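One structure below.
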Amino acid sequence: MGTVKMETKIKNTLMQWIPGIQPASEDESDYDLLRRLACSCMDRIHIGTDEDLQWVEDIGKVVNLLYQSGNRYTKNAIENEFLSELIREECPASLKLHMALLPRELRKEYLKVILEN
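If you count by the numbering used here, then the sequence shown holds residues 152 to 268, one letter each, in order.
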């Protein structure tokens with residue numbers, strides 16, 4: 152018998168809409184995948200080319216779609232891993248950039264995560 156590959160809504164959506172994103176391993180959790188994606192976003196924000204910032208903006212759109220259509224588990228995963236990772240280095244200068252890169256609907260959740268941490 153072969154192993155059953157667990158595909159979740161989060162993994163399916165991210166792999167379908169983000170070129171090149173693959174789980175690090177078959178048993179990588181949604182939380183780990185979202186954290187890794189946020190770290191990639193931070194790396195690209197630090198590089199700062201127009202292409203990198205556009206990629207981050209596109210990732211924000213995909214994460215926002217997941218968030219807006221997600222159940223409580225999906226929303227918690229995004230808040231606890233993706234958004235929490237983005238705020239790790241938050242300062243007044245980065246806040247403006249991060250807010251500009253995130254879709255309007257996700258900005259409120261981003262600010263909520265900042266206030267909770």
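Glycine included, C-beta positions come from ideal geometry on N, C-alpha and C. Keep in mind it's a predicted model, so treat the numbers as computed, not measured.
Across the set Lys-263, His-249 and Arg-258, the C-alpha of His-249 shows the shortest separation from the C-alpha of Trp-206.
Here the region 169 to 188 makes contact with the region 220 to 232; the two share three or more CB pairs at distances below 8 Å. Looking at the backbone, the Cα of Asp-209 and that of Met-166 are separated by about 13 Å. Residue burial is scored here from C-beta neighbours: Thr-200 has fewer than 16 other C-beta atoms within 10 angstroms and is therefore classed as exposed. Taken atom to atom, the span from the alpha-carbon of Lys-247 to that of Leu-253 is near 10 Å.
Collapsing the DSSP output to three states places Ile-210 in a helix. Taking 8 Å as the cut-off, the Cβ atoms of Tyr-224 and Leu-257 do not count as close.
Note on geometry: alpha-carbon atoms of Leu-216 and Lys-226 lie some 11 Å from one another.
Judged by beta-carbon spacing, Thr-159 lies within the 8 Å limit of Asp-181, meaning their Cβ atoms are closer than that value.
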